[in-house]
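Visitor: Line by line, the protein sequences give chains Y and U. For the first sequence, our numbering begins at 9 and goes up steadily by one. For the second sequence, our numbering begins at 9 and goes up steadily by one. Just so you know, even glycine gets a beta-carbon here, dropped at the ideal spot from N, CA and C. Because the structure is a prediction, the values reported are computed rather than measured. Below is the structure I would like to discuss, written out as structure tokens.
Number of protein chains: 2
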Amino acid sequence: MSTEQTALVRKSRGRPKQFDRGTALSKALNLFWRHGYEATSLADLVEATGAKAPTLYAEFGNKEGLFRAAVEHYLTNFYEKSSCLLSKTDLSVEETIGQYLRAIAELFTDCDTPSGCFMISASSGMSSSSADIAEMLRARHLSQERSLFEFFEKRKQSGELTSVIDSALLAKYLACTIQGFSVQARDGATAAELNQLIDVVMKIWPQLSRATVVSTAAH
Amino acid sequence: MSTEQTALVRKSRGRPKQFDRGTALSKALNLFWRHGYEATSLADLVEATGAKAPTLYAEFGNKEGLFRAAVEHYLTNFYEKSSCLLSKTDLSVEETIGQYLRAIAELFTDCDTPSGCFMISASSGMSSSSADIAEMLRARHLSQERSLFEFFEKRKQSGELTSVIDSALLAKYLACTIQGFSVQARDGATAAELNQLIDVVMKIWPQLSRATVVSTAAH
């Protein structure tokens, strides 16, 4: 931790000149990602960010505020790279899903950050007093499934996917697989191992999307 | 909590007569399952089990000892039901995997216990001081993948599965799917929703197992 970062010179107006919000958020995110919300104390955050407790309070209100800011920091800096892939229109459905899964596998196994998905890791081990945060994280998880659902619906409208495919079920299946990747990565799976699993998903992709079609033969 | 359970009458020899180890473990397991290791305090455990702190210390040593006993309690009372299915020999591979996944989905969404897999939920949000416990849980997770691997190897030996199938990769794919089920269940997925995902897995089962075969066409 550099002296410049640790020193806090609060001016009479405006924000502290030597407090780098982005750097502090990165370090706080790293800690929450590794240990979860509950097991990360304010003392840990002070030590990791190099900021003083009053600075963190002034900037984020409390530990919950810092955590919420860390979630936004994660979404903007880590998650958006993969989710942007879903809005590209120059790739086939299969190519898009392949690239999307590989971008996520890369994120989950990046040596510069803790393993797995920050939001899945952080949402476990919540005490009953953190119900609000647990609910916020749950809503964020579901947004990945919704993004996939919307992607499939768009590709159904453009005629690239047959209209009988159940977009919601296919999105849930992929979201579930990605959540599994997160647990695998936390348990030590390498990028190569996750990519082997993605190879399997992509090999069965045609059957997988068709397997969501509800059989109407009996009607 | 009944008076009988809370009262502790320690006799001069032997264990306390009115302390029910099984009941205490069930209640401790429930708490660890819901909130994880770190976010569960000894005070919470005392309140939930109705035992006094000295009783818990005498019986389990410390919070870590109680947690380890809760893991064994989970494995014996919850996990074994599904893992026993893998040693049955009167069902086909496909029937066995179908029943195995459905037993796990039932466990993860049982209203009488917290949602998801206890060991996956408990292993997130570990502080750096709990590295031993995290490692123990990691080894336990991997044992599910190993059980599936051994099951596929056995069925390859009996000729029911073709020998070119990669048992390790197929086991990892299924373990990953089950880990995804756990996260889904924690996020509120119902038994019906997990069973829809299992329907998809079983529909693509023939392609799924074949997708693990490493192509040797280029050699």
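Between U:His227 and chain Y, is the shortest Cβ-Cβ distance under 8 angstroms, so that the two count as touching?
Guide: Position 219 of the second sequence, counted from the first residue, corresponds to residue 227 of chain U. A caution first: U:His227 carries a pLDDT of 38, below 50, which makes its placement in the model too unreliable to give a value.
Visitor: If I follow the unbroken alpha helix (DSSP H) through U:Glu46, where does it start and stop?
Guide: Within the second sequence, residue 46 of chain U is the residue found at index 38, counting from 1. Note, U:Glu46: premise wrong, no alpha helix (DSSP H); not H, not E.
Visitor: Roughly how many angstroms separate the alpha carbons of U:Lys164 and U:Ser175, rounded to a whole number?
Guide: The residue labelled residue 164 of chain U in the question sits at position 156 within the second sequence. The residue labelled residue 175 of chain U in the question sits at position 167 within the second sequence. Straight-line Cα distance between these residues: approximately 9 angstroms.
Visitor: Looking at the C-beta of Y:Ile105, does it have a partner C-beta in chain U at a distance below 8 angstroms?
Guide: Your numbering for residue 105 of chain Y matches position 97 in the first sequence. Closer than 8 angstroms: no.
Visitor: So if I threshold CB-CB distances at 9 angstroms, which residues from the region 178 to 206 of chain U count as touching chain Y?
Guide: Here the close residues are Leu178, Lys180, Tyr181, Ala183, Cys184, Thr185, Ile186, Gln187, Gly188, Phe189, Ser190, Val191, Gln192, Arg194, Asp195, Gly196, Ala197, Glu201, Leu202, Gln204 and Leu205.
Visitor: Around the C-beta of Y:Ser166, are 16 or more other C-beta atoms found within 10 angstroms, so that it is buried, or is it exposed?
Guide: In the first sequence, counting from the first residue as 1, residue 166 of chain Y sits at position 158. Exposed, since its Cβ has fewer than 16 Cβ neighbours within 10 Å.
Visitor: Kindly list, in the order they appear in chain U, the residues whose Cβ is closer than 9 angstroms to that of Y:Lys71.
Guide: Position 63 of the first sequence, counting from 1, holds the residue named residue 71 of chain Y. Going along chain U, no residue has its Cβ under 9 angstroms from Y:Lys71, so there is no contact; the nearest lies around 13 angstroms.
Visitor: Excluding the 5 residues flanking U:Ala56 on each side, which residues of the same chain have their C-beta closer than 8 angstroms to its C-beta?
Guide: Taking the second sequence and counting its residues from 1, one reaches residue 56 of chain U at position 48. Counting only Cβ-Cβ distances below 8 angstroms, and skipping sequence neighbours, we find Lys35, Ala36, Asn38 and Leu39.
Visitor: Go through the region 72 to 142 of chain U residue by residue and report every complete run of the alpha helix (DSSP H) that reaches 4 residues or more, in order.
Guide: Runs of the alpha helix (DSSP H) inside the region 72 to 142 of chain U: 88 to 93, 101 to 116 and 126 to 131.
Visitor: Can you grab the Cα-Cα spacing for the pair Y:Ile141 / U:Thr121, in whole Å?
Guide: Residue 141 of chain Y sits at position 133 when you count from the first residue of the first sequence. Residue 121 of chain U sits at position 113 when you count from the first residue of the second sequence. Spanning the two alpha carbons is a distance of roughly 22 angstroms.
Visitor: What separation, rounded to the nearest whole angstrom, lies between the Cα atoms of U:Ala113 and U:Ala199?
Guide: Counting from 1 along the second sequence, the entry for residue 113 of chain U is found at position 105. Counting from 1 along the second sequence, the entry for residue 199 of chain U is found at position 191. Roughly 6 angstroms between the two C-alpha positions.
Visitor: What's the C-alpha gap between U:Ala47 and Y:Glu46?
Guide: Position 39 of the second sequence holds residue 47 of chain U. Position 38 of the first sequence holds residue 46 of chain Y. Each residue's alpha carbon lies about 6 angstroms from the other.
Visitor: Near U:Glu287, what residues of its chain come up, given a Cβ to Cβ distance below 6 angstroms and the 5 sequence neighbours on each side ignored?
Guide: Lying outside 9 to 227, the shown extent of chain U, residue 287 of chain U is not represented and no answer is given.
Visitor: Identify the contact partners of U:Leu37 in chain Y, using a Cβ-Cβ distance below 9 angstroms as the criterion.
Guide: Within the second sequence, numbered from 1, the residue matching residue 37 of chain U stands at position 29. Chain Y residues near U:Leu37: none, gap ~15 angstroms exceeds 9 angstroms.
Visitor: Are the region 64 to 73 of chain Y and the region 82 to 95 of chain Y touching by the rule of at least three beta carbon pairs closer than 8 angstroms?
Guide: The region 64 to 73 of chain Y, when compared against the region 82 to 95 of chain Y, does not touch it at the 8 angstroms Cβ threshold.
Visitor: Considering Y:Gly188, what are the terminal residues of the alpha helix (DSSP H) in which it resides?
Guide: Against the first sequence, residue 188 of chain Y aligns to sequence position 180. It spans Ser175 to Arg194 - the alpha helix (DSSP H) in which Y:Gly188 sits, taken as one unbroken run.
Visitor: Give a yes or no on whether the minimum CB-CB distance between U:His81 and chain Y is below 8 angstroms.
Guide: Taking the second sequence and counting its residues from 1, one reaches residue 81 of chain U at position 73. Not one chain Y Cβ lies under 8 angstroms of U:His81.
Visitor: Report the three-state DSSP secondary structure of Y:Glu55 (helix, strand or coil).
Guide: The residue you call residue 55 of chain Y lines up with position 47 of the first sequence. In this structure, Y:Glu55 counts as helix in the three-state DSSP scheme.
Visitor: Where does U:Ser171 sit, in a helix, a strand or coil, going by DSSP?
Guide: Position 163 of the second sequence, counting from 1, holds the residue named residue 171 of chain U. It is coil, neither helix nor strand.
Visitor: On a CA-only basis, which of Y:Ser95, Y:Val54 and Y:Ala61 is nearest Y:Glu161? Give me that one, please.
Guide: Along the first sequence, read from residue 1 onward, the residue named residue 161 of chain Y stands at position 153. Measuring from the Cα of Y:Glu161, the nearest candidate turns out to be Y:Ser95.
Visitor: At a CB-CB cut-off below 8 angstroms, which residues of chain Y make contact with U:Lys211?
Guide: For the purposes of this step, residue 211 of chain U is taken as the residue at position 203 of the second sequence. Per Cβ cutoff of 8 angstroms: Gln215 and Ala219.
Visitor: Are there 16 or more other CB atoms within 10 angstroms of the CB of U:Cys229, so buried, or fewer, so exposed?
Guide: No answer is possible for residue 229 of chain U: it lies beyond the span of chain U, which begins at 9 and ends at 227.
Visitor: Verify whether the separation of the beta carbon atoms of U:Val221 and U:Ile173 is less than 8 angstroms.
Guide: Here residue 221 of chain U refers to the residue found at position 213 of the second sequence. Here residue 173 of chain U refers to the residue found at position 165 of the second sequence. A contact, by the Cβ cut-off of 8 angstroms.
Visitor: Counting only Cβ pairs nearer than 9 angstroms, list the residues of chain Y close to U:Arg146.
Guide: Counting from 1 along the second sequence, the entry for residue 146 of chain U is found at position 138. Going along chain Y in sequence order, the residues near U:Arg146 (Cβ under 9 angstroms) are Arg194, Asp195 and Gly196.
Visitor: For a contact defined as C-beta to C-beta under 7 angstroms, what are the partners of Y:Leu115 on chain U?
Guide: Taking the first sequence and counting its residues from 1, one reaches residue 115 of chain Y at position 107. Here the premise fails: no neighbours, minimum Cβ distance about 16 angstroms.
Visitor: DSSP three-state call for U:Ala200: helix, strand or coil?
Guide: Taking the second sequence and counting its residues from 1, one reaches residue 200 of chain U at position 192. Note: U:Ala200 maps to helix in three-state DSSP.
Visitor: Looking at the C-beta of U:Ile112, does it have a partner C-beta in chain Y at a distance below 8 angstroms?
Guide: If you number the second sequence from 1, residue 112 of chain U lands on position 104. Cβ-Cβ to chain Y under 8 angstroms: no for U:Ile112.
Visitor: Quick one, which of U:Met210, U:Ala61 and U:Ala78 has its alpha-carbon nearest Y:Arg218's?
Guide: Taking the first residue of the first sequence as 1, we reach residue 218 of chain Y at position 210. Closest by alpha carbon: U:Met210.
Visitor: Roughly how many angstroms lie between the CA atoms of Y:Thr63 and Y:Arg146, to the nearest whole one?
Guide: The count along the first sequence starts at 1 and reaches residue 63 of chain Y at position 55. The count along the first sequence starts at 1 and reaches residue 146 of chain Y at position 138. Distance between the alpha carbons of Y:Thr63 and Y:Arg146 is about 29 angstroms.
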